[in-house]
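Chemist: Below you'll find the structure I mean.
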DNA sequence: ATTATCTATAGATCTATAGATAATGC
DNA sequence: ATTATCTATAGATCTATAGATAATGC
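Residue numbers (our numbering), protein chains in the order written: chain A, 1 to 203; chain B, 1001 to 1203.
Structure (structure tokens):
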């Protein structure tokens, strides 16, 4: 047993980190307090010295899952010849499909977030904004429709990984990921005739 | 109490139909047997005369959710001036975002399916195939890359609805849906320079 | 007589709490 | 003395079962 304040901070971090993995793998409802504490090397009784209730842990775990992934993204694009291609390569991959526990929280938690409280929804929204800001930077900046294109690109990336996860590690799943990756890397999501009037009217 | 064989068949259908709604709204783990039976106007005790266990219901409910949505899709495109535009309009919409219970099972259940058994995974896979077959029919048929384009289009459609659900009914969410809808309707997901060599090498 | 549904409940699991234990840190 | 963690357990909830009830259908 360790009982210093540092130990407690380490324990807290470990619980949140483990929970962030489990909820991306099995959803926010599935893993129990006892299971998460066991995975963190602790017993379930001590849990309530760290969190007022389970929901508080889930909120911290959602925020952790979102930010953890974002730091990975920054490393991937830094110093790449084609940063957009590197970003897409990292995201739209079989490795990402097969390891949701350490992957994108926007993809893994999209179905859970509507049933969670404000803090988790805000963590989700903020991470979508960070992805969109990053994509706008990676797409040609002289395009009046960068934001629209970032929305389309993010949708295709997230959708591909989600459908691929539903299909499992099959040839069909691999093919879908590869087709979406190529479409992004070859800039096929660009408008064929450029729009010069900026944002169009919503129908 | 009604006790005829017809009544039982109706009860069975009602239980599966209600379950198909609840699992798309809250995931396959969340709704309990008692809750589903109550929503079907029955008590929980009779459940096991219809299903050997909860998992069997979930399998039937997943299959039901997938097929129900597919018949809606067929109606939407039939007789439309621009069937692809009509299909995208129906799928990439705020109405679809705000009503997962009656919406696409591929979107609603993608995170649950990997944790379910073979039958549910097969239902999921089959519905992805039906969507892709439909999209290949709606996209220009003289294109050697229709299949690739169907994969990209489906990913963008599903991804847009999933992210939009995570964001909730906000301006940002509406904008994302509108941008993806326009990209599909204006055929912006087409390659700018056509590829005549068919399928390219996987890198 | 058969059977679809209902009432009641057993057994398992989960969140949260209470009190004990064994370190830390003034 | 304080407190981080552990053991034990209360109370709620969930799946599944058993036996009772009240219709159907030969």
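Quick reminder that beta carbons are idealized off the backbone N, C-alpha and C, glycines included.
Because the structure is a prediction, the values reported are computed rather than measured.
Who are the near neighbours of residue 68 (chain A) in its chain, counting only those whose CB is closer than 7 angstroms to its CB and skipping five residues on each side?
Modeler: The residue given as residue 68 (chain A) occupies position 68 in the first chain. The answer, listed in chain order, is 20.
Chemist: With 16 as the cutoff for other CB atoms within 10 Å, does residue 201 (chain A) come out buried or exposed?
Modeler: Along the first chain, read from residue 1 onward, the residue named residue 201 (chain A) stands at position 201. At residue 201 (chain A), the pLDDT of 41 sits below 50, so the modelled position is not reliable; the number obtained from the coordinates is stated separately. By the 10 Å Cβ count, residue 201 (chain A) comes out exposed.
Chemist: Residue ranges of each beta strand (DSSP E) run of no fewer than 3 residues wholly in the stretch 67 to 147 of chain A, ordered along the chain?
Modeler: DSSP runs (the beta strand (DSSP E)) wholly in the stretch 67 to 147 of chain A: none.
Chemist: Do you know offhand how far residue 1140 (chain B)'s Cα is from residue 1116 (chain B)'s?
Modeler: Position 140 of the second chain, counted from the start, is the residue given in the question as residue 1140 (chain B). Position 116 of the second chain, counted from the start, is the residue given in the question as residue 1116 (chain B). Their backbone Cα atoms lie some 36 angstroms apart in a straight line.
Chemist: Using a Cβ cut-off of 8 angstroms (strictly closer), state whether residue 55 (chain A) contacts chain B.
Modeler: Stepping through the first chain from its first residue, residue 55 (chain A) is reached at position 55. With 8 angstroms as the cut-off, residue 55 (chain A) does not count as an interface residue toward chain B.
Chemist: Measure the Cβ-Cβ separation of residue 1027 (chain B) and residue 121 (chain A) and say whether it is below 8 angstroms.
Modeler: By 1-based counting over the second chain, the position of residue 1027 (chain B) is 27. By 1-based counting over the first chain, the position of residue 121 (chain A) is 121. Going by C-beta atoms, residue 1027 (chain B) is not nearer than 8 angstroms to residue 121 (chain A).
Chemist: Taking the C-alpha atoms as reference points, what is the distance between residue 1049 (chain B) and residue 1113 (chain B)?
Modeler: The sequence position of residue 1049 (chain B) within the second chain is 49, counting from 1. The sequence position of residue 1113 (chain B) within the second chain is 113, counting from 1. Cα-Cα distance, rounded: 26 angstroms.
Chemist: Which class does residue 1024 (chain B) belong to by DSSP, given the choice of helix, strand or coil?
Modeler: Taking the second chain and counting its residues from 1, the one referred to as residue 1024 (chain B) is at position 24. Residue 1024 (chain B) falls in the helix class under three-state DSSP.
Chemist: With a CB to CB cut of under 6 angstroms and the five nearest residues on each side skipped, what residues in its chain are close to residue 1109 (chain B)?
Modeler: Start at 1 with the first residue of the second chain, and residue 1109 (chain B) comes out as number 109. Cβ within range, chain order: n/a, list empty.
Chemist: Buried or exposed, going by whether 16 or more other CB atoms sit within 10 Å of the CB of residue 78 (chain A)?
Modeler: Counting from 1 along the first chain, the entry for residue 78 (chain A) is found at position 78. Classification for residue 78 (chain A): exposed.
Chemist: Who are the near neighbours of residue 192 (chain A) in its chain, counting only those whose CB is closer than 8 angstroms to its CB and skipping five residues on each side?
Modeler: Looking up residue 192 (chain A) in the first chain gives position 192. Reliability of the predicted coordinates at residue 192 (chain A) is poor, the pLDDT of 43 falling under 50, and the value obtained from them is presented with this limitation in mind. Closer than 8 angstroms at Cβ, skipping near neighbours: no residue.
Chemist: Flag residue 1058 (chain B) as yes if its beta-carbon sits less than 8 angstroms from any beta-carbon of chain A, otherwise no.
Modeler: What you label residue 1058 (chain B) is simply residue 58 of the second chain in a count that begins at 1. No, its Cβ sits nowhere closer than 8 angstroms to a Cβ of chain A.
Chemist: Which residues of the stretch 64 to 81 of chain A have a Cβ closer than 9 angstroms to any Cβ of chain B? Give them in chain order.
Modeler: Here the close residues number zero.
Chemist: Any idea if residue 1179 (chain B) is buried or exposed, counting beta-carbon neighbours within 10 angstroms, 16 or more meaning buried?
Modeler: Working through the second chain from its first residue, we reach residue 1179 (chain B) at position 179. Its Cβ being crowded by 16 or more others within 10 Å, residue 1179 (chain B) is buried.
Chemist: Quick test of the definition: if touching needs 3 or more C-beta pairs under 8 angstroms, does the stretch 1158 to 1178 of chain B touch the stretch 1082 to 1099 of chain B?
Modeler: A contact exists between the stretch 1158 to 1178 of chain B and the stretch 1082 to 1099 of chain B.
Chemist: In angstroms, rounded to a whole number, what distance separates the CA positions of residue 1143 (chain B) and residue 1189 (chain B)?
Modeler: Here residue 1143 (chain B) refers to the residue found at position 143 of the second chain. Here residue 1189 (chain B) refers to the residue found at position 189 of the second chain. C-alpha separation (whole angstroms): 13 angstroms.
Chemist: Shortest alpha-carbon distance to residue 163 (chain A) belongs to which of B:1073, B:1183, B:1018, B:1126?
Modeler: For the purposes of this step, residue 163 (chain A) is identified with residue 163 of the first chain, where counting begins at 1. It is B:1126.
Chemist: In the DSSP assignment, the alpha helix (DSSP H) including residue 1175 (chain B) goes from what residue to what residue?
Modeler: To locate residue 1175 (chain B), count along the second chain from 1; it is residue 175. Taken as a continuous stretch (DSSP letters only), the alpha helix (DSSP H) holding residue 1175 (chain B) covers 1171 to 1185.
Chemist: Roughly how far, in whole angstroms, is the beta-carbon of residue 1124 (chain B) from the beta-carbon of residue 1152 (chain B), given that I think they are within contact range, below 8 angstroms?
Modeler: As a working mapping, residue 1124 (chain B) is identified with position 124 in the second chain. As a working mapping, residue 1152 (chain B) is identified with position 152 in the second chain. Going by Cβ atoms, the distance from residue 1124 (chain B) to residue 1152 (chain B) rounds to 20 angstroms, so no, they are not a contact pair.
Chemist: Rounded C-beta distance between residue 1101 (chain B) and residue 1025 (chain B)? I'm assuming under 8 angstroms.
Modeler: The residue labelled residue 1101 (chain B) in the question sits at position 101 within the second chain. The residue labelled residue 1025 (chain B) in the question sits at position 25 within the second chain. About 4 angstroms separates the two Cβ atoms, so the contact holds.
Chemist: Just how far apart, CA to CA, sit residue 60 (chain A) and residue 187 (chain A)?
Modeler: The residue given as residue 60 (chain A) occupies position 60 in the first chain. The residue given as residue 187 (chain A) occupies position 187 in the first chain. Between residue 60 (chain A) and residue 187 (chain A), the C-alpha separation is close to 37 angstroms.
Chemist: Rounded to a whole number of angstroms, what is the C-alpha to C-alpha distance between residue 1081 (chain B) and residue 172 (chain A)?
Modeler: As a first step, residue 1081 (chain B) is located in the second chain; it is residue number 81 there, counting from the start. As a first step, residue 172 (chain A) is located in the first chain; it is residue number 172 there, counting from the start. Whole-angstrom Cα-Cα distance: 31 angstroms.
Chemist: Rounded to a whole number of angstroms, what is the C-alpha to C-alpha distance between residue 1018 (chain B) and residue 170 (chain A)?
Modeler: What you label residue 1018 (chain B) is simply residue 18 of the second chain in a count that begins at 1. What you label residue 170 (chain A) is simply residue 170 of the first chain in a count that begins at 1. One C-alpha to the other measures close to 31 angstroms.
Chemist: Report, in whole angstroms, the separation of the C-beta atoms of residue 1058 (chain B) and residue 1015 (chain B), which I expect to be a contact under 8 angstroms.
Modeler: Your numbering for residue 1058 (chain B) matches position 58 in the second chain. Your numbering for residue 1015 (chain B) matches position 15 in the second chain. Their Cβ separation, rounded to whole angstroms, is 11 angstroms, which puts residue 1058 (chain B) and residue 1015 (chain B) out of contact at 8 angstroms.
Chemist: CA-CA distance, residue 1037 (chain B) and residue 177 (chain A)?
Modeler: Counting from 1 along the second chain, the entry for residue 1037 (chain B) is found at position 37. Counting from 1 along the first chain, the entry for residue 177 (chain A) is found at position 177. The alpha-carbon atoms of residue 1037 (chain B) and residue 177 (chain A) are separated by roughly 39 angstroms.
Chemist: In whole angstroms, give me the CA-to-CA distance for residue 1031 (chain B) and residue 1039 (chain B).
Modeler: Against the second chain, residue 1031 (chain B) aligns to sequence position 31. Against the second chain, residue 1039 (chain B) aligns to sequence position 39. About 10 angstroms.
Chemist: Determine, using beta carbons only, whether residue 1143 (chain B) comes closer than 8 angstroms to chain A.
Modeler: Counting from one through the second chain, the residue named residue 1143 (chain B) turns up at place 143. So no, residue 1143 (chain B) is outside the interface.
Chemist: What separation, rounded to the nearest whole angstrom, lies between the Cα atoms of residue 1063 (chain B) and residue 1056 (chain B)?
Modeler: By 1-based counting over the second chain, the position of residue 1063 (chain B) is 63. By 1-based counting over the second chain, the position of residue 1056 (chain B) is 56. Cα to Cα, the separation comes out at about 11 angstroms.
Chemist: Return the CA-CA distance between residue 1033 (chain B) and residue 1054 (chain B), expressed in angstroms with no decimal places.
Modeler: Locating residue 1033 (chain B) in the second chain gives position 33, where the first residue counts as 1. Locating residue 1054 (chain B) in the second chain gives position 54, where the first residue counts as 1. Taking the straight line from one Cα to the other gives about 7 angstroms.
Chemist: Do you know offhand how far residue 1119 (chain B)'s Cα is from residue 1111 (chain B)'s?
Modeler: Stepping through the second chain from its first residue, residue 1119 (chain B) is reached at position 119. Stepping through the second chain from its first residue, residue 1111 (chain B) is reached at position 111. So the two alpha carbons sit approximately 16 angstroms from each other.
Chemist: Where does residue 182 (chain A) land, buried or exposed, given buried means 16+ other C-beta within 10 angstroms?
Modeler: For the purposes of this step, residue 182 (chain A) is identified with residue 182 of the first chain, where counting begins at 1. The residue in question, residue 182 (chain A), is buried, as its Cβ has 16 or more Cβ neighbours within 10 Å.
Chemist: If you drop the 5 nearest sequence neighbours on each side, which residues of the same chain put their C-beta closer than 8 angstroms to that of residue 1010 (chain B)?
Modeler: Here the question's residue 1010 (chain B) lines up with position 10 in the second chain. Excluding positions up to five away in sequence, the list is empty.
Chemist: Distance check for residue 52 (chain A) and residue 71 (chain A), CA to CA, integer angstroms please.
Modeler: The residue given as residue 71 (chain A) occupies position 71 in the first chain. The residue given as residue 52 (chain A) occupies position 52 in the first chain. Computed Cα separation, rounded: 28 angstroms.
Chemist: Hey, out of A:13, A:97, A:134, A:85, whose CA is closest to residue 47 (chain A)'s CA?
Modeler: By one-based count along the first chain, residue 47 (chain A) stands at place 47. Considering only alpha carbons, the answer is A:13.
Chemist: Are any of the Cβ atoms in chain A nearer than 8 angstroms to that of residue 1114 (chain B)?
Modeler: Within the second chain, the letter at position 114 stands for residue 1114 (chain B). Taking Cβ atoms only, chain A reaches closer than 8 angstroms to residue 1114 (chain B), which makes this a yes.
Chemist: Mind pulling the chain B residues with CB within less than 9 angstroms of residue 175 (chain A)?
Modeler: Taking the first residue of the first chain as 1, we reach residue 175 (chain A) at position 175. Those are 1147, 1148, 1151, 1202, listed as they occur along chain B.
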